[in-house]
Amino acid sequence: MISEKRPRLTSLFLLLGSSTMLPFTPKKPWSKLPSQVQPAVHVAQEVTDALVVTKKHEIILLTRKGITELPFNKPLPNVRWVTADYDDPDRLSEILQGVDTVLSFIVTRSDPENKAQKNVIDASVRAGVRRFAPSEWATSSFEHLSWYAGKAEIREYLAELNKRKKVLEYTLFQPGQFVDYLCYPHQTSRHVHPFQTQIDFNARRAIILEGSENARVTLTTAKDLAGIVARAVEYEAEWPVVGGIKGDEITITEIIKLGEKIRGGPFTVEKLKVEDLKAGIVKSSWFPKVDHPSLLPAEVETMAKGFLSGMLLGISAGVLRVSDEWNRLLPDYEFTGAERFLTEAWER
């Protein structure tokens, strides 16, 4: 048991094989430099920063890279790096001794058969870790989103683990879509990499599914996600299994109207048909460039049609509409609404 005089021991597992902890300090809250000029760093670092600021936690960051390979030039307070082999559950269990909370940011599509994350879960149980957050950080469901299949499998793994008796408390942090993405190509958070979506404020254009005009989407800022996670780590009551984080909720039509208001002109809107998409036919004049840090340049091109089709069908099915468990558990937290966030971002 950790002494109350010591900081709570919180362990964050970073994106496997990622380049994390890149030194970057924006000169002001919003930066309008092209996103490709700035470091493409994972949401894990947003959460790390939010935890560091509290000065309440001792944080362990696990990496597959050697410590000397990590691209940072100054240490953070109460943070230490540990090189770990995710294929060695025994060693993982040793590392996790005394750890209270584990937050996983493993990219499931880069983790064949979810072996690494399952080993982390098993090691957490063996080490007596109290709480675990799997690598979610996105949607409420994965219908039509084939690239999230690994997340669905981990949900099943955790549910089965606690089927007869609760052995590991966990929550699925679900913020919906980052509103930051609607600021592409400008970066509006310190670390989260923006990428183009099917509603492109920059070019004043949008691709939507015919009949989905009133589909609702949850939009949450990256900063608010990190802020809620930092509060959740300190929350002493039991974590909810479903951990919805609702920054704002808005329809597809409202997003486009908001874009037209902010960008000062009408959007060109293309409407695709459900039957075409389900048949694998994507008739659009352009495709969003989803250059996520976890994707290779060649993958960005090959996945473009499938990603667009999946997102449009998924949004229509409600996958980007999340619940509000953490809003209700942390009622004093003040979220930044989508309109305010986007207006301020595009004015700079």
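Read in order, the letters of the sequence shown correspond to residues 1 to 348 in the UniProt record's numbering.
The beta-carbon is built from N, C-alpha and C at its ideal position, and this holds for glycine as well.
Alpha carbon of residue i to alpha carbon of residue j, nearest angstrom
i: glycine 264; j: glutamate 213; result: 21 Å
i: valine 82; j: proline 75; result: 13 Å
i: leucine 219; j: leucine 161; result: 31 Å
i: lysine 257; j: leucine 96; result: 49 Å
i: valine 99; j: lysine 56; result: 14 Å
i: proline 194; j: threonine 188; result: 8 Å
i: glutamate 143; j: phenylalanine 267; result: 28 Å
i: valine 322; j: alanine 237; result: 22 Å
i: glutamate 339; j: arginine 205; result: 18 Å
i: alanine 215; j: phenylalanine 341; result: 21 Å
i: alanine 298; j: alanine 304; result: 10 Å
i: tryptophan 326; j: alanine 50; result: 16 Å
i: alanine 345; j: arginine 64; result: 36 Å
i: residue 356; j: alanine 44; result: Summary: the structure shown does not reach residue 356, with the chain confined to residues 1 through 348, and so no result is reported for it.
i: serine 284; j: leucine 277; result: 11 Å
i: glutamate 254; j: leucine 145; result: 23 Å
i: cysteine 183; j: aspartate 200; result: 8 Å
i: lysine 32; j: histidine 186; result: Low confidence applies here, because lysine 32 scores a pLDDT of 33, under 50, leaving its location unreliable; read the following figure in that light. Going by the C-alpha atoms only, they are around 5 Å apart.
i: valine 52; j: valine 129; result: 20 Å
i: isoleucine 154; j: tyrosine 181; result: 26 Å
i: isoleucine 252; j: glutamine 196; result: 16 Å
i: isoleucine 121; j: asparagine 114; result: 11 Å
i: glutamate 249; j: threonine 343; result: 16 Å
i: arginine 328; j: phenylalanine 335; result: 12 Å
i: lysine 165; j: alanine 127; result: 17 Å
i: valine 269; j: glycine 306; result: 19 Å
i: lysine 163; j: aspartate 324; result: 24 Å
i: glycine 259; j: tryptophan 286; result: 18 Å
i: alanine 84; j: valine 282; result: 43 Å
i: valine 125; j: threonine 54; result: 27 Å
i: glutamate 156; j: alanine 116; result: 16 Å
Pair within 9 Å by beta-carbon distance, residue i and residue j
i: glutamine 174; j: glycine 280; result: no
i: threonine 108; j: alanine 149; result: yes
i: lysine 118; j: alanine 138; result: no
i: tryptophan 147; j: glycine 310; result: yes
i: valine 242; j: threonine 171; result: yes
i: valine 192; j: alanine 222; result: yes
i: valine 319; j: serine 93; result: no
i: arginine 91; j: glutamate 58; result: no
i: valine 274; j: glutamate 210; result: yes
i: leucine 158; j: arginine 131; result: no
i: proline 288; j: glutamine 177; result: no
i: isoleucine 315; j: valine 217; result: yes
i: proline 89; j: alanine 123; result: yes
Reference residue i, options the options, closest by Cα
i: valine 290; options: Leu308, Val229, Ala123 and Ser284; result: Leu308
i: proline 240; options: Leu330, Gln196, Ile252 and Glu334; result: Leu330
i: glycine 247; options: Gly227, Tyr235 and Ala215; result: Gly227
i: leucine 313; options: Trp346, Leu272, Glu344 and Thr343; result: Leu272
i: alanine 317; options: Asp85, Asp90, Arg164 and Ile208; result: Ile208
i: leucine 235; options: Leu168, Asp180 and Thr101; result: The sequence given here places tyrosine at residue 235; leucine does not occur at that position. Nearest of Leu168, Asp180 and Thr101 to tyrosine 235, Cα basis: Thr101.
i: residue 349; options: Ala127, Leu61, Gln198 and Glu113; result: As displayed, the chain neither begins before 1 nor continues past 348, which places residue 349 out of reach and without an answer.
i: valine 229; options: Glu136, Arg126, Ile255 and Asn114; result: Glu136
i: arginine 190; options: Val47, Phe335, Thr343 and Glu334; result: Val47
i: serine 110; options: Tyr86, Arg126 and Asp122; result: Tyr86
i: aspartate 224; options: Val53, Asn114 and Tyr333; result: Tyr333
i: alanine 203; options: Val282, Asn78 and Ile262; result: Ile262
Host beta strand (DSSP E) of residue i (start-end)
i: serine 140; result: Taken as a continuous stretch (DSSP letters only), serine 140 belongs to no beta strand (DSSP E), as it is neither H nor E.
i: glycine 244; result: 242-244
i: lysine 271; result: 268-272
i: alanine 206; result: 205-209
i: residue 360; result: Outside the shown range of the chain (1 to 348) lies residue 360, about which nothing can therefore be said.
i: phenylalanine 173; result: 172-174
Terminal residues of the alpha helix (DSSP H) in which residue i lies
i: residue 354; result: No statement about residue 354 is possible, as the shown extent of the chain runs from 1 to 348 and does not include it.
i: glutamine 198; result: Careful: glutamine 198 lies outside any alpha helix (DSSP H) and carries neither H nor E.
i: isoleucine 154; result: 149-161
i: threonine 343; result: 338-347
i: valine 217; result: Not the alpha helix (DSSP H): valine 217 falls in the beta strand (DSSP E), residues 216-220.
i: glycine 329; result: According to the sequence shown, residue 329 is leucine rather than glycine. That run of the alpha helix (DSSP H) goes 325-329.
With a floor of 4 residues, list each alpha helix (DSSP H) that falls wholly inside the segment 46-118, ordered by position along the chain. 89-95
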